[in-house]
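Reading through the structure tokens given below for one structure.
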Ligand code: PHE
């Protein structure tokens, strides 16, 4: 009886089965254990205490099994997932994320420029024409203003600063900073810029720039070159060389394109130059009293070179197989 009763309790597949088993074995009137109890009464006198004790043990154990199985079946029916849970399986280790390579590079750039005494400032990505063009001495007929080369926000009302667009360069932050503080100025600003380029391995319609601006009484081109060389060496190692090529930007005069020699090849890293007097006038600085340099570097360029990434699109696809490598 005992073994049958145990098996019946353990194997009951549903609450109804279990109720059947309870009636069969533990039922008050016809339960099989009742019959067994009747036998205890008939046992020889001297064996009665022992047989009685044994019977009680069996009944207690069968009752315990019944209750345990009742518990199991009722939790299983309230949540199927629980019944599939195997506590003996090893756990899933939590996946730990890591910083995006561009974020890492930005953090390093800030840290390096911070050591040179440059304060990090932020500017908005949605800008007006004043900060993106006018105050930067970019004339109305300049090709950089072409609506096809910019993301104008069509629905926006023109503000005091003119129509609204996604900034095409971080040079906007030069203007915003000088509007707010008096010289001397020594800032960098790192962030996103937007240009409607066709996406390919080296072009993206959104990318990141680091803008730098230093204004004081006697700032020189030599200082610009020094800051950029020190920056490049701090980031990529002591062998990096910097070279300037004459160029043109409306907001700097003279203007240069900056190349960096790393290994055997020259790579263009951005534009730079001495702040144009018209820019100082636009922000209320006196061009006779101050001078300054400015530079704008493409952050993806450095990041691609540093990590040997050959396609800029990888940075924006959020493919964890790519991102896990950094
Ligand atoms: N804003 C320029 C660009 O996006 C780069 C630049 C910044 C050039 C500062 C000169 C001075 O191409």
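Numbering (the UniProt record's numbering), first residue to last: 10 to 335. Glycine included, every Cβ here is placed at the ideal spot set by N, Cα and C. As the structure is a computational prediction, the values presented were derived from the model and not from experiment.
Put residue i into one of helix, strand or coil per three-state DSSP.
i	result
residue 217	strand
residue 105	coil
residue 169	coil
residue 98	coil
residue 131	coil
residue 68	helix
residue 252	strand
residue 331	helix
residue 111	helix
residue 258	strand
residue 58	helix
Run through the DSSP bridge pairs and tell me what residue i is partnered with.
i	result
residue 195	223
residue 322	Answer is none; residue 322 lacks a bridge partner.
residue 201	217
Rounded to a whole number of angstroms, what is the C-alpha to C-alpha distance between residue i and residue j?
i	j	result
residue 49	residue 98	46 Å
residue 39	residue 32	8 Å
residue 132	residue 275	31 Å
residue 228	residue 235	12 Å
residue 157	residue 263	28 Å
residue 45	residue 51	10 Å
residue 117	residue 162	33 Å
residue 169	residue 125	36 Å
residue 178	residue 155	14 Å
residue 230	residue 105	45 Å
residue 250	residue 270	5 Å
residue 210	residue 315	16 Å
residue 191	residue 281	22 Å
residue 110	residue 93	40 Å
For residue i, which residues of its own chain have a beta-carbon under 7 Å away from its beta-carbon, when the five flanking residues on both sides are left out?
i	result
residue 127	195, 196, 197 and 221
residue 290	296
residue 11	67
residue 307	216, 218, 278 and 279
Would you verify that the beta carbon of residue i is, or is not, closer than 8 Å to some beta carbon of chain C?
i	result
residue 294	No chain C is present in this structure, which holds just one protein chain.
Could you check if residue i belongs to the surroundings of ligand 3, using beta carbon to heavy atom distance under 7 Å?
i	result
residue 220	Here the bound small molecules are ligand 1; ligand 3 is not part of this structure.
What residues in its chain sit with their C-beta under 6 Å from that of residue i, if we drop five residues either side in the sequence?
i	result
residue 215	201 and 203
Leaving out the 5 sequence neighbours to the left and right, which residues in its chain are closer than 8 Å to residue i when beta-carbon positions are compared?
i	result
residue 119	129, 197 and 199
residue 80	none
residue 75	18, 27, 30, 31 and 35
residue 83	24
Assess contact between the stretch 183–193 and the stretch 140–155, defined as three or more Cβ pairs (one per stretch) separated by less than 8 Å. Is contact present?
yes
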